[in-house]
Each structure stands twice: as structure tokens, then as C-alpha cells.
Amino acid sequence: MKAKALAVVAMMVVCSLAAWAPAQQAQDTGGGRSGRSGRGNWDPAQMRQDFLNRLKDDLGAKDDEWQVISPKLDKVMTLSFQSRMSGMRSMFSRRDRGGDTNSNSNRSSPFGDSAVSKAMDDLRSALSDKSISADEISKRLANLRTARDAAKQELAKAQGELKELLNQRQEATLVANGLLD
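Residue numbering for the sequence shown follows the numbering used here, beginning at 1 and increasing consecutively.
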């Protein structure tokens, strides 16, 4: 089961990168790879589409049914990713800035600008500033927990809306793929 959960998390990363990559490529300057290694011809948008096509097949959804299911599924995937992976945003941002954790970056993130991501950034900023008081850290930690709780509630609502559209086999398929609880 851990392997499936890890596979779902990896696919969520790929899906978010699909939205992020075109904007990032437009921002990159200076010939081709712009100093990044290992990216090659990897196409996150194609990987996301392949994943969605496999899900459509696994669900046995006809085209008209998929037109109704896919927006709800996309919302669940996005909210799930944002609520579970918000801490990864800072890790990627640090890497993109060459390890400078105190620098502000105008680059977009593959993890979106959710309330959870913003609260996590605020907390990490407080932790990197040794002059911030314990009370301020406590406040920012409480803000992060509040944002996470709200994201979990929003995810549960989106999952409920998606479940309403599914038959039992489709629901079980999405549970087995880690997209529904």
C-alpha cells in the first residue's frame, strides 16, 4: 500500500509540474537548459495526460461521462497535492535559488499558491530569521495548522462531490489509486 501511496504522490508532483513547466520555460533565459541538469526531454504535461487516460480507462468512463468526472477529479488531485505536499514547495524554491533561503523569488512554484503553501513559507521564513520571537513562531505555526485543516475540509468536500458521480467500482478504483479516502 505504501508503494501505491508513493506512486500517487509522485504522479501529483508530475501533474503539478505539468502546469508549472511552460511558465518556467518562458522565464528561463539563455539557451536551452539554463543550467538545469537531468530534465532532458521529459514532458510532465504528457505524463499527466497519460495518467488521466489510464484513469479514464480504469474507471471505464465513456467520453460524455469523463467530461463530467474529469473536472471534479482534477480538483481532488490539486487539493490533495496542495494539502499533502506544501512543505515541498520551500525545498524546490531553495534549490531553484541555489540554496539561498533568504532570497525572495518571483518564480512560480509547481505547488501552487495555496493558503497552506503561503503559511508554510511564512513559517519557514520565521524559522530562518533568528530574531523572530517564539510568540511569532507560535502564531505562524497556528496559521499553518489552520490552513491545513481548511485544506483538508475543502478536499473532503471535493472528494464527496466526486463520489456522487461515481459508481461503486469507479469509487473503489480511485480509492485504490489513492485519490479518494
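Glycine included, each C-beta is placed from N, C-alpha and C at the ideal position.
- L165 sits in coil when the DSSP states are folded into three classes, being neither helix nor strand.
- Looking at A150, R140 and P71, the one whose alpha-carbon comes closest to that of S114 is A150.
- Shown here, G178 sits in coil according to DSSP, grouped into three states, outside any helix or strand.
- Linking L179 to F81 through their CA atoms gives a straight-line distance of about 10 Å.
- Non-local C-beta neighbours of L144 in its own chain, meaning closer than 8 Å and more than five positions away in sequence, comprise V116, A119, M120, D122 and L123, ordered along the chain.
- R54 counts as exposed, since fewer than 16 other beta carbons sit within 10 angstroms of its beta carbon.
- Per the C-alpha coordinates, the member of A158, D64 and W66 positioned closest to S83 is A158.
- Each residue's CA atom was taken as its position, placing A61 and L174 some 13 Å apart.
- Under the three-state reduction of DSSP, A61 is assigned to coil, being neither helix nor strand.
- If you compare the alpha carbons of N41, W42, E154 and W66 with that of L52, the shortest gap goes to W66.
- Judged by their CB atoms, E154 and L73 are not nearer to each other than the 8 Å cut-off.
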